[in-house]
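FYI, the numbering for the sequence shown is 40 to 263, going by this note's numbering.
Each residue gets a CB set at the ideal place from its N, CA and C atoms; glycine is no exception.
Here the structure is a predicted model, which means the values were calculated and not measured.
Structure first, then comments.
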Amino acid sequence: MTHLVLVVDDEKQMTEIVSFALQTAGFETVVAHDGATAWKLFQSRPISLIILDRMLPDISGATLAQRIRASSDVPIIMLTALGDTEQRVAGLEAGADDYIAKPFSPQELILRAKAIVRRTAPAREEDVSTYGPVTIQSDTVYINSEAADLSEIELKLFRCLLNHHGEIVPVRTLLNEVWETSSSAGGRNLVKTTVYRLRKKLAEAGMAEDTIQSVRGRGYTLHV
40 MTHLVLVVDD EKQMTEIVSF ALQTAGFETV VAHDGATAWK LFQSRPISLI
90 ILDRMLPDIS GATLAQRIRA SSDVPIIMLT ALGDTEQRVA GLEAGADDYI
140 AKPFSPQELI LRAKAIVRRT APAREEDVST YGPVTIQSDT VYINSEAADL
190 SEIELKLFRC LLNHHGEIVP VRTLLNEVWE TSSSAGGRNL VKTTVYRLRK
240 KLAEAGMAED TIQSVRGRGY TLHV
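Here's what the structure looks like:
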């Protein structure tokens with residue numbers, strides 16, 4: 040699984056340097072230049088690591104770290120000024136796992152990032168499943184890192200089709216595994232309607248519309 044790193048710094052040149060270094064080491068990156076954008080990206084993407092500058096235009100890095108830490112154990116590396124012990128302490132107290140003082144070498148950043156992801160990945164990836172461009176983390180589906188807004192029943196249907204990937208799944212099986220019923224009264228229309236909504240939402244997140252195909256008289260099949 041490729042790890043997605045959120046890089047947060049108000050200096051565009053710094054985000055470009057950090058992103059380039061991480062990408063050469065095999066990471067994927069998304070960038071934010073203020074706290075509000077960073078928070079939105081954190082909530083909508085499967086972030087594996089956050090590189091966070093101490094000073095942002097709308098909120099301090101420490102405050103953002105506290106907000107993130109209140110709902111997630113995603114690792115955070117804080118960027119601080121060289122020799123500023125107070126900043127480092129404040130960042131660690133806010134929930135940062137590590138810090139790097141500016142200026143730093145790209146190689147140091149890569150080594151720190153790899154080390155912290157290696158330490159935290161086993162515990163964090165227990166509830167993560169990946170199928171090609173699809174990642175399911177807890178109860179959220181991501182298509183190439185874009186979140187798909189699925190309802191509980193749509194998620195169950197998608198999981199069921201993924202579990203039978205490449206197979207033709209009969210409507211009766213879907214009703215049994217997703218809706219936990221063997222009744223076929225109105226069941227075909229129920230499945231058809233839910234598949235339609237699921238296709239639409241997956242397409243909005245970037246998945247091909249023919250990913251879920253209907254096989255007349257037999258059921259549905261999924262290919263990713």
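Contact check, residue i vs residue j under 8 Å by CB: the rounded distance?
i      : j      : result
ILE116 : ALA135 : 7 Å
HIS204 : TYR170 : 7 Å
ALA305 : VAL47  : Beyond the ends of the chain as shown, which are 40 and 263, falls residue 305; an answer cannot be given.
ALA104 : GLY130 : 7 Å
VAL113 : ILE89  : 6 Å
ARG84  : SER184 : 5 Å
THR250 : VAL263 : 6 Å
LEU213 : LEU196 : 7 Å
Starting from residue i, follow its DSSP beta bridges and name the residues at the other end.
i      : result
LEU43  : GLU67 and ILE86
ALA120 : LYS141
THR212 : For THR212, which the question treats as bridged, DSSP gives no partner whatsoever.
ILE107 : DSSP output for ILE107 lists no bridge partner at all.
GLY258 : VAL254
Give the DSSP-derived three-state secondary structure of residue i in the structure shown.
i      : result
TYR132 : Here residue 132 is Glu; the residue named in the question, Tyr, does not match the sequence. Note: GLU132 maps to helix in three-state DSSP.
GLY226 : helix
LEU189 : coil
MET53  : helix
THR250 : coil
ILE115 : strand
ILE149 : helix
SER177 : coil
VAL234 : helix
SER168 : strand
ILE207 : coil
THR159 : helix
Would you decide whether residue i is buried or exposed? Buried here means 16 or more other CB atoms lie within 10 Å of its CB.
i      : result
VAL69  : buried
TYR259 : buried
SER87  : buried
VAL128 : exposed
TYR93  : Correcting the residue identity first, residue 93 is Arg in this sequence and not Tyr. ARG93 should be labelled buried.
THR119 : buried
GLU245 : The amino acid occupying residue 245 in the given sequence is Gly; Glu does not appear at that position. The residue in question, GLY245, is exposed, as its Cβ has fewer than 16 Cβ neighbours within 10 Å.
VAL254 : exposed
ALA60  : buried
GLU219 : exposed
GLY100 : buried
THR54  : buried
ALA154 : exposed
GLU193 : buried
ALA247 : exposed
THR63  : exposed
Quick one: is residue i near chain D, going by C-beta distance under 9 Å?
i     : result
GLY65 : Going by chain labels, chain D is absent from the structure shown, which holds only one protein chain.
Within the region 60-104, ranges of the alpha helix (DSSP H) (whole runs, at least 4 residues): 74-83
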